[in-house]
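What follows is one structure encoded as structure tokens, with my remarks underneath.
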Amino acid sequence: MVNENKKVRVRFAPSPTGGLHLGGVRTVLFNYLFAKHHGGEFVLRIEDTDQSRFVAGAEEYIFDCLNWCGLTPDESPVHGGAYGPYRQSERKESYRKYAEQLVADGSAYYAFDTPAELEEMRNRFKTAESPSPQYNYILREQMRNSLTLGEEEVARLLSEDAAHVIRIKMPTDETIVFTDMIRGEVAFHSSQTDDKVLLKADGMPTYHLAVVVDDYLMKITHAFRGEEWLPSAPVHILLWKYLFGLDQMPQWAHLPLILKPDGNGKLSKRDGDRMGFPVFAMNWTDPKTTETTQGFRERGFLPEAFINMLVMLGWNDGTENEIFTLQKLVDKFTMERVHKGGARFDYEKAKWFNHEWIKHLPASHYQPRVRQLLEAEGISVPDDGQLQKVLELVKDRCTLLPDFVQQAGFFFKTPTNIDTAAIKPKWDEKKNLFFGEMMLAFDLAPSWQHEELERTFKELTAVHEIKPGELMLPLRIMLVGGKFGPGVFHVAEVLGKEETIKRIKFTLQLVQG
RNA sequence: GGCCGGUUCGUCUAUCGGCUAGGACAUCUCCCUUUCACGGAGGAAAGACGGGUUCGAUUCCCGUACCGGCUACCA
213 MVNENKKVRV RFAPSPTGGL HLGGVRTVLF NYLFAKHHGG EFVLRIEDTD
263 QSRFVAGAEE YIFDCLNWCG LTPDESPVHG GAYGPYRQSE RKESYRKYAE
313 QLVADGSAYY AFDTPAELEE MRNRFKTAES PSPQYNYILR EQMRNSLTLG
363 EEEVARLLSE DAAHVIRIKM PTDETIVFTD MIRGEVAFHS SQTDDKVLLK
413 ADGMPTYHLA VVVDDYLMKI THAFRGEEWL PSAPVHILLW KYLFGLDQMP
463 QWAHLPLILK PDGNGKLSKR DGDRMGFPVF AMNWTDPKTT ETTQGFRERG
513 FLPEAFINML VMLGWNDGTE NEIFTLQKLV DKFTMERVHK GGARFDYEKA
563 KWFNHEWIKH LPASHYQPRV RQLLEAEGIS VPDDGQLQKV LELVKDRCTL
613 LPDFVQQAGF FFKTPTNIDT AAIKPKWDEK KNLFFGEMML AFDLAPSWQH
663 EELERTFKEL TAVHEIKPGE LMLPLRIMLV GGKFGPGVFH VAEVLGKEET
713 IKRIKFTLQL VQG
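In my numbering, the protein residues as written are 213 to 725.
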């Protein structure tokens with residue numbers, strides 16, 4: 213699959229029109245892993261040939277997402293490189309000559325049909341059996357193009373700058389075959405594909421022309437894209453054949469799609485909104501509507517977990533391992549183990565990956581983000597060391613980063629909302645007495661270690677002839693505020709003597725009152 | 001409609017002709033834990049269907065069904 217003589221070069225070519233979708237990130241990932249596995253280069257090219265779909269900030273957003281994921285391009289509009297510019301809008305002038313070359317050698321032609329005429333044609337030929345008539349080898353005979361108009365008329369229109377596009381002239385009867393890295397040999401009949409527009413009336417290339425020209429100019433060796441592109445592959449194959457030669461063509465790989473969790477179709481932003489999970493990598497704010505769509509990052513995912521979860525949607529290393537670092541993935545990734553079939557997205561499993569990563573990583577890794585989360589809730593954390601200790605203590609209980617607010621917040625801010633309802637019904641004077649004495653005993657404790665505190669507590673329960681079980685929950689409520697958190701004596705240890713006693717005293721008053 | 005692709009537990013998947021079909025998520029039961037988790041043990045749960053090929057098919061071939069993608073001067 214990999215030609216030893218050629219340096220592997222891959223590209224991700226998004227169009228900057230909005231939030232970066234899960235599937236897009238996975239395409240980046242597979243590109244990146246393949247390139248790095250083979251010691252190659254990963255290029256990011258911006259496909260902004262559709263000026264009507266320009267969205268401010270979308271390009272910068274893509275870079276932020278890749279940056280967050282740790283999938284840094286070797287070449288891009290911001291990273292530079294020897295094959296720039298990396299924005300197709302800035303390469304506009306380079307495409308026309310290839311399109312003209314195709315016209316000159318008879319593989320393409322000028323078409324002067326207006327959008328209205330096109331629509332009229334489609335309506336006229338639309339039938340039940342053929343709901344979407346194609347501008348193909350039959351219909352082009354009835355349209356206004358350089359095949360039907362006669363040389364003089366064409367020359368006149370051209371000299372008058374009449375609006376026109378350049379369309380590929382699909383062969384009437386030819387079988388187009390290529391070998392996909394994932395699917396093996398795939399064949400198409402040329403008559404089934406329409407005469408795609410190559411160069412638009414505004415002079416911009418369509419994706420079809422641009423992808424071929426730029427992949428050639430940028431010396432791309434392997435071209436990965438979503439499966440939705442498979443039907444237009446024959447156009448690209450033909451363009452390669454006409455323009456640069458099939459021996460120059462990159463190896464294609466059409467990646468399986470990421471599907472909706474509940475049934476039919478590829479996963480969309482709508483599904484996330486509908487079912488309450490993110491679809492974009494990071495928050496995306498539509499500049500027109502100012503509406504923000506939450507991303508995986510802001511939902512509290514770790515980038516390590518995010519890419520780990522994504523890579524497992526369509527690839528595995530053949531073992532029962534599911535947790536991989538980026539570096540491990542680079543080592544192990546091969547196209548041979550990429551699946552053909554689409555994978556349903558499962559948010560529960562995605563969360564599981566994040567939970568695993570929170571547990572495995574040292575807390576220092578995500579400490580700054582947790583600090584931000586806490587501070588956003590008005591919980592200030594003066595001491596880094598203390599925060600570190602707390603995070604290690606509670607991380608087993610956190611699936612998403614915001615879970616730390618509940619699990620760690622009470623260590624730094626005395627709980628005000630205390631679940632006294634959980635203890636009040638069984639409260640009595642004996643317990644009152646017990647806690648009164650326990651505060652004294654704690655105050656005199658020789659050391660403030662959880663073992664010591666637990667021993668002191670147990671001894672006192674024996675003296676008072678109360679089962680420890682009846683007092684553990686009240687103590688927890690006093691220190692934590694609710695029925696959650698690490699072992700209650702561990703909590704006391706971290707809280708320190710003064711704060712522990714203060715909280716006991718406070719709740720005691722609440723319960724008595 | 002046409003073309004192309006896909007099809008193993010509910011979900012993600014292992015299996016490259018020998019299978020008592022393995023793992024993970026989710027789910028259920030139990031243990032651990034005088035909270036919530038973590039952890040541990042166990043249960044239930046799958047080869048779309050029909051034909052071939054073969055000593056033997058989940059695996060190879062062909063049909064059918066179902067699902068998906070595409071069918072724009074969007075990518």
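For each residue, glycine too, the CB sits at the ideal point set by N, CA and C.
Linking V424 to D276 through their CA atoms gives a straight-line distance of about 27 Å. In this structure, L525 sits away from R265, with a CB-CB distance that is not shorter than 8 Å. In the DSSP secondary-structure assignment, L467 is bridged to G438.
In this structure, A311 lies near A320, with their beta-carbon atoms less than 8 Å apart. By the Cβ rule, the segment 330-339 does not count as touching the segment 372-387, because fewer than three pairs are nearer than 8 Å. Collapsing the DSSP output to three states places G526 in coil. Under the three-state reduction of DSSP output, V377 falls in the strand class. Looking only at M690, Q460, P383 and R257, the smallest Cα-Cα distance to P297 is reached by R257. For the pair of segments examined, the segment 536-554 was found not to touch the segment 501-513: the number of CB pairs separated by less than 8 Å stays below three.
Within the same chain, Cβ atoms closer than 7 Å to the Cβ of V617 are found at L585, L586 and E589, the five residues on either side in sequence being excluded. Taking C-alpha positions only, D483 is separated from K636 by approximately 44 Å.
The residues F701, in chain order, have a CB closer than 8 Å to that of E663 in the same chain once the five nearest residues on each side in sequence are set aside.
Beta bridge pairing from DSSP links R223 with V255. Only residues of its own chain outside the window of five on either side were considered, and among them F254 and L283 have a CB closer than 7 Å to the CB of Y244, listed in chain order. V447 and G621 have their alpha carbons spaced roughly 58 Å apart.
As a beta-bridge residue in DSSP terms, I388 pairs with F400.
Here I678 really is in contact with K642; their C-beta atoms are around 6 Å apart, less than 8 Å. Here the C-alpha atom of I716 lies approximately 8 Å from the C-alpha atom of F647. 8 Å or more divides the Cβ of G236 from the Cβ of P228. From the listed residues W564, D426 and E363, the smallest Cα separation to E305 is found for D426. F557 is a Cβ neighbour of L471, given a cutoff of 8 Å.
For A320, the enclosing beta strand (DSSP E) starts and ends at A320 to A323.
Around the beta-carbon of L429, fewer than 16 other beta-carbon atoms lie within 10 Å, marking it exposed. Residue environment for E710: exposed (fewer than 16 other C-beta atoms within 10 angstroms of its C-beta). Rounded to whole angstroms, R437 and L613 show a C-alpha spacing of 32 Å. Residue range V409 to L411 is occupied by the beta strand (DSSP E) that includes V409. Distance from the CA atom of T261 to the CA atom of K412, rounded to whole angstroms, is 10 Å. By the Cβ rule, the segment 385-399 counts as touching the segment 449-466, because three or more pairs are nearer than 8 Å. For P515, the CB contacts under 8 Å within the same chain, skipping 5 residues up- and downstream, are W280, C281, G282 and R509 in chain order. For A493, the secondary structure class from DSSP, reduced to helix, strand or coil, is coil. Judged by DSSP secondary structure, F337 falls within the alpha helix (DSSP H) whose first and last residues are P327 to F337. The C-beta of R356 has 16 or more other C-beta atoms within 10 Å across all chains shown, which makes the residue buried. DSSP, read as helix, strand or coil, puts E341 in coil.
In this structure, Y307 places its C-beta atom within 8 Å of the C-beta atom of L421. With fewer than 16 neighbouring CB atoms inside 10 Å of its own CB, V675 falls in the exposed class.
Around the beta carbon of F654, 16 or more other beta carbons sit within 10 angstroms, so the residue counts as buried.
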